[in-house]
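J.: Under the UniProt record's numbering, think of the first position of the first sequence as 1, with each following residue one higher. Every residue gets a Cβ at the ideal spot worked out from N, C-alpha and C, and that includes glycine. What you are looking at is a predicted structure, and each value in this text was computed from that prediction instead of being measured.
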Amino acid sequence: MDNQITFLDGLNKEQSKAVDHYEGPLLVVAGAGSGKTRALTHRIAHLISEYKVEPSEILAVTFTNKAAREMKDRLEILLAQKLAKIEFGQPFSTLKISIQSELRTRIYREVIKEIWIGTFHALFARLLRFDIEKYVDKEGLKWTRHFSIYDEKDALSLIKEIVTEDLQLDPKRFEPKKIRWAISNAKNKGILPDILEESAEGLRSRLTAKAYRVYRKALAANNALDFDDLLLLPVQLLQQSKETRDYWHKRFKHLLVDEYQDTNWTQYELIKLLVTNGEPPSSFKAWEGRSVFVVGDADQSIYSFRAADFRILMGFEQDFGANSKGNYDSNVVKLEENYRSTSNILEAANSLISNNKERIDKVLKATRSSGDLIKLTRCDDEIAEAEAVVHRIRLIDAANNNLNWSDVAILYRTNAQSRVIEESLVRWNIPYIVVGSLRFYDRREVKDILAYLKLLINPSDSVSLLRVLNVPKRGIGKTTIQKFTDAASQLGVTVWDIVTDPEAIRSLGGRSSKGLLEFREIIQELQSHLNSSGPAEIIRLALEKSGYIKELISIATDEAEERRRNLEELVNAALQYQEENEAGDLEGFLATAALASDADNKDSSLNRVTLMTLHSSKGLEFPIVCLVGMEQGLFPSYRSLDDPASLEEERRLCYVGLTRAKEKLCLFHANERRLWGGMREPAVSSIFLSEIPSELIEGDIPLSGGTVLRRDNRLERLTRVDRGSPSDVSKKSHDAPSNAVRRYSSGPAPGKKWSIGDVVIHSRFGRGEITHVFGSGEKISIAIKFIGMSPKILDPRLAPIKPIDEL
DNA sequence: TCAACGGGTATTTTT
DNA sequence: TACCCGTTGA
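1) Nearest by alpha-carbon distance to Asn355: which of Pro644, Tyr150, Ser157, Gly633 is it?
2) Less than 8 Å separating the beta-carbons of Asp598 and Gly436?
3) Could you tell me whether the region 88 to 100 touches the region 21 to 35, using the rule of 3 or more Cβ pairs below 8 Å?
4) Relative to the C-alpha of Leu675, which candidate in Leu667, Lys514, Ile687, Gly633 has its C-alpha closest?
5) Measuring CA to CA, which of Leu469, Asp442, Lys250 is closest to Ala286?
6) Within its chain, find whatever has a CB closer than 6 Å to the CB of Asp600; leave out the 5 residues flanking it on each side and keep chain order.
7) Using the Cα positions of Ile523 and Glu161, report the straight-line distance between them to the nearest angstrom.
8) DSSP three-state call for Tyr150: helix, strand or coil?
9) Would DSSP call Asn572 helix, strand or coil?
10) Buried or exposed, going by whether 16 or more other CB atoms sit within 10 Å of the CB of Leu127?
11) Excluding the 5 residues flanking Ala45 on each side, which residues of the same chain have their C-beta closer than 8 Å to its C-beta?
12) Please state whether DSSP places Arg680 in a helix, a strand or coil.
13) Here's the rule: buried if 16 or more other CB atoms are within 10 angstroms of the residue's CB, otherwise exposed. What is Gln15?
14) Pop quiz: Val463 and Ala224 are said to be a contact at Cβ under 8 Å. What is the actual Cβ separation, rounded to whole angstroms?
15) Let me know the secondary structure DSSP gives His615 once reduced to three states.
16) Suppose you measure from the CA of Ser370 to the CA of Leu313; what does that come to, to the nearest Å?
17) Checking the sheet assignment: what are the DSSP bridge partners for Cys654?
18) Can Asp297 and Gln261 be called in contact, C-beta distance under 8 Å?
19) Taking all protein chains shown into account, decide if Val759 is buried (16 or more other Cβ within 10 angstroms of its Cβ) or exposed.
20) For Ala349, does the count of other Cβ atoms within 10 angstroms reach 16, so buried, or fall short, so exposed?
21) Is the region 609 to 625 touching the region 453 to 461 in the sense that three or more CB pairs, one from each, lie closer than 8 Å?
22) Specify, as a first and last residue, the run of the beta strand (DSSP E) that Gly296 falls within.
23) Please state if the CB of His21 and the CB of Phe252 are separated by a distance shorter than 8 Å.
24) With distance defined between alpha-carbon atoms, name the residue in Glu672, Ile476, Val471 nearest to Asp448.
25) Are the Cβ atoms of Ile539 and Ala574 separated by less than 8 Å?
26) Skipping 5 residues on each side, what residues in its chain have a beta carbon closer than 7 Å to that of Ile179?
27) In chain order, which continuous runs of the alpha helix (DSSP H) of length 4 or greater are located wholly inside the region 82 to 109?
28) Determine the DSSP secondary structure at Thr37, reduced to helix, strand or coil.
29) Would you call the CB atoms of Leu508 and Phe484 closer than 8 Å?
30) So who's on the other strand from Ala308, going by DSSP bridges?
31) Closest to Asn188 by CA distance: which of Ser646, Asp229, Glu110 is it?
32) Output the distance between the C-alpha atoms of residue 816 and Ser513, rounded to the nearest integer angstrom.
33) Out of Ser528, Tyr51, Ile58, Ile86, state which residue places its alpha-carbon closest to the alpha-carbon of Ile5.
34) Drop a sphere of 10 angstroms on the beta-carbon of Asp194, count the other beta-carbons inside from all chains shown, and report buried for 16 or more, exposed for fewer.
35) May I ask you to verify whether the region 103 to 120 touches the region 57 to 64, counting CB pairs closer than 8 Å and requiring at least 3?
36) Taking C-beta to C-beta, are Val408 and Phe668 nearer than 8 Å?
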């Protein structure tokens, strides 16, 4: 090659093997902190500059939008550095700033813009903008390229409506949330209503299948897709249309997928369709000038609740490997050297994760010195815990002159845990940012305006229409809306058709006709600007013409003021979008908004402590990590306590948390914790704490033997759990016993001896026999084999079990 | 038509 | 605690 820089410089042997990979399938098993992002970006740069791959032939899938943006950024810098060497013969950083930015702009225009980088959802939403009109549905449903994207809330409100209106069911008995979940699951497995109907047994599943059918129909009538559709429709389209499939298969010669362990069935299907053009991967031979490159770590698979399945990663070699052997030495590279964490932290993580059974054999090797011990702090309750976290942070701050607040992350299992910690941070005047709790685009005012925008582009979108028809108030009430929706469904037209029909307004509108006419005019006027104005300008117009801003001004409270600022922020977001996407239009912006997550906006330049869930922390790293709420039932979540597979997932989540830390790791747990409302619950320290070697931990150590923290007045308090009249109580415990009630009323006496061979009765699983006893004293788990089920590992103090001789 | 109130209920994690 | 929903009263 004609210059000194290659993208293999400074990489270890395994990393360069990955980066230098050209054709065929390759699985990169990349442990935490092993430099996988580096491997990914360098490989793309390498493909383009050494193997002369066209940027437009590359499809790179990231897990978040933020990761996508970062990848583009890094890539831009890498390639600009190389260009600097070629054109000026000197390092990029020594060039004048103006020249630097000119180089970057050129790289952006010629290369970065051409590569498809994004999340599965963003990329395939983009593909659908091209091809959705070619999709032929079994049931005759149709969508146009102007489809709306419904977020989880939109989808849920649609389902709620279907359950109550169309199916005339009681939403208490048939919870929309559960139905939504069932439908989502079906979609993620590629199952359409007809198949679900066939396999449905019992009233409940038949009704779910029915709801699914109606829901799909409603989506189509609204010309809308939910998140799952963004993946499922492309799968079906690529399966059914050879022409479409050929096109995209030819177009994308090199696929890269990050966080492959969190891929689900539809995503896997999409990869296969694009890579092998529909042929079975094991017999696919045409690898010349073509590759699929996936990077992942089974130990960090934490999204099975979203239908992700890390066995897809485990099966990669078999799937794609069989036939490429011979041509390629191996299709697995393992990155096992950890450059991130001190060896104490790493050893703790390794030891923890070794308790999982289902793994790929892999051990992270330390490259750094031992560092500090892990600090463990036990606190009285969640308030004391929050204070302890802040105290710890202040101690570290006092001992380090150059500590930035942004070096610190506080991680927790559930979003609800953030509040108490925030209060402490406020008290001590430490700046912080909470990532992920409330998405910017989920704020009411923002969603309202987005609904206006969606409606402009897609008037069939009645969810959006009904959202803003009377916002701000135009005197259009429930009865009018009901009349209109009824008329629309009877005539088989959209609500918009009714709203724009002068006859309909006159006959149905009554007192609200004025407001309706007004609304119609607003929308139509805004529509007339669609072709001539950019997203930001249209948003400004919408804010003004809709009367939304005017209303907020007239309210004149702090809250209204806050909302106005958020809407200004929305305009800014649109401006930023326009900057980042030269040809970006309103549709593009709306798609970005629908698929954005809160984590995407985290501005790392702000010097603030970061608060977030363990899930959001994936892929990030911090010098200092505080992990709070290490208690049984919270982390691991109580829902995982009686299921070994989900307990393993919780453990992976813990592994992710520990491996975020570079220098210092501080763990916290509380003796008791107020759970929603005010009721205190005694807490048992997390099983994960006992899986970290105690010599790596300092602080008050409850390790061997564990701690059960119980107040003497426990029983007294428990009787008060059952509030209200006796009849209420009995009814409650029949319907849905709350966890607290069940836990304490049916649990055996503390300190009860369990031995192998004992027979127990579990309130859900029935009769079972104890096969193992782990630990002793207060820290005890037992494995029970229930009839017809795989063995379950339970905490006898939490699980609703009784020894059989007590019955 | 709409705001305000109260009771009941629920919490895992998110593209 | 916080949100959602149905009821009530203006």
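T.: Taking the definition as stated:
1) Position 355 of the first sequence, counting from 1, holds the residue named residue 355. Selected option, being the one with the closest Cα: Pro644.
2) For the purposes of this step, residue 598 is taken as residue 598 along the first sequence, with counting starting at 1. For the purposes of this step, residue 436 is taken as residue 436 along the first sequence, with counting starting at 1. Yes; because the gap between Cβ atoms is below 8 Å, this pair is in contact.
3) Counting Cβ pairs under 8 Å, fewer than three are found: no touch.
4) If you number the first sequence from 1, residue 675 lands on position 675. Of the residues Leu667, Lys514, Ile687, Gly633, the one whose Cα lies closest to the Cα of Leu675 is Gly633.
5) Stepping through the first sequence from its first residue, residue 286 is reached at position 286. The candidate whose alpha carbon is nearest that of Ala286 is Lys250.
6) Counting from 1 along the first sequence, the entry for residue 600 is found at position 600. Taken in chain order, the residues that qualify are Asn65, Lys66.
7) Walking along the first sequence from the start, residue 523 turns up at place 523. Walking along the first sequence from the start, residue 161 turns up at place 161. In this structure, the alpha-carbon of Ile523 lies about 25 Å from that of Glu161.
8) Your numbering for residue 150 matches position 150 in the first sequence. Of the three classes helix, strand and coil, the one that applies to Tyr150 here is strand, per DSSP.
9) Stepping through the first sequence from its first residue, residue 572 is reached at position 572. Helix at Asn572.
10) By one-based count along the first sequence, residue 127 stands at place 127. By the 10 Å Cβ count, Leu127 comes out buried.
11) Taking the first sequence and counting its residues from 1, one reaches residue 45 at position 45. Closer than 8 Å at Cβ, skipping near neighbours: Phe7, Leu75, Leu78, Leu79, Lys82.
12) Translated into the one-based positions of the first sequence, residue 680 becomes position 680. DSSP places Arg680 in strand when its eight states are reduced to three.
13) For the purposes of this step, residue 15 is taken as the residue at position 15 of the first sequence. Gln15 should be labelled buried.
14) Against the first sequence, residue 463 aligns to sequence position 463. Against the first sequence, residue 224 aligns to sequence position 224. Contact flag correct, Cβ pair sits at about 7 Å.
15) On the first sequence, residue 615 is found 615 positions in, with the first residue counted as 1. DSSP places His615 in coil when its eight states are reduced to three.
16) The residue given as residue 370 occupies position 370 in the first sequence. The residue given as residue 313 occupies position 313 in the first sequence. Answer to the nearest angstrom: the Cα atoms are 32 Å apart.
17) Within the first sequence, residue 654 is the residue found at index 654, counting from 1. Paired residues: none, contrary to the question.
18) As a working mapping, residue 297 is identified with position 297 in the first sequence. As a working mapping, residue 261 is identified with position 261 in the first sequence. It is a contact, given that the beta carbons lie within the stated cut-off.
19) As a working mapping, residue 759 is identified with position 759 in the first sequence. By the neighbour-count rule (16 or more Cβ atoms within 10 Å), Val759 is not buried but exposed.
20) Position 349 of the first sequence holds residue 349. With a threshold of 16 other beta carbon atoms within 10 Å, Ala349 meets it and is buried.
21) They do not touch, by the three-pair rule.
22) Residue mapping note: residue 296 aligns to position 296 of the first sequence, counting from 1. For Gly296, the enclosing beta strand (DSSP E) has its first and last residue at 291 to 296.
23) Counting from one through the first sequence, the residue named residue 252 turns up at place 252. Counting from one through the first sequence, the residue named residue 21 turns up at place 21. The answer is no: Cβ separation not under 8 Å.
24) Here the question's residue 448 lines up with position 448 in the first sequence. Taking only the C-alpha atoms, the option nearest Asp448 is Val471.
25) Numbered from its first residue, the first sequence carries residue 539 at position 539. Numbered from its first residue, the first sequence carries residue 574 at position 574. The answer is yes: Cβ separation under 8 Å.
26) Counted from its first residue, the first sequence places residue 179 at position 179. The residues are Ile159, Val163, Thr208, Ala211.
27) Listed in chain order, nothing qualifies, since the region 82 to 109 has no complete alpha helix (DSSP H) run of 4 or more residues.
28) Your numbering for residue 37 matches position 37 in the first sequence. DSSP, reduced to helix, strand and coil, places Thr37 within a helical segment of the structure shown.
29) The residue given as residue 508 occupies position 508 in the first sequence. The residue given as residue 484 occupies position 484 in the first sequence. Yes; because the gap between Cβ atoms is below 8 Å, this pair is in contact.
30) In the first sequence, residue 308 corresponds to position 308, counting from 1. Answer is Asn264.
31) Start at 1 with the first residue of the first sequence, and residue 188 comes out as number 188. The residue with the shortest Cα to Cα distance from Asn188 is Asp229.
32) Residue numbering for the chain in the displayed model covers 1 to 807; residue 816 lies beyond these limits and cannot be assessed.
33) One-based indexing of the first sequence puts residue 5 at position 5. By alpha-carbon distance to Ile5, the top candidate from Ser528, Tyr51, Ile58, Ile86 is Ile86.
34) Looking up residue 194 in the first sequence gives position 194. Exposed: under 16 other Cβ atoms inside 10 Å.
35) yes
36) Counting from one through the first sequence, the residue named residue 408 turns up at place 408. Counting from one through the first sequence, the residue named residue 668 turns up at place 668. No. Outside cutoff.
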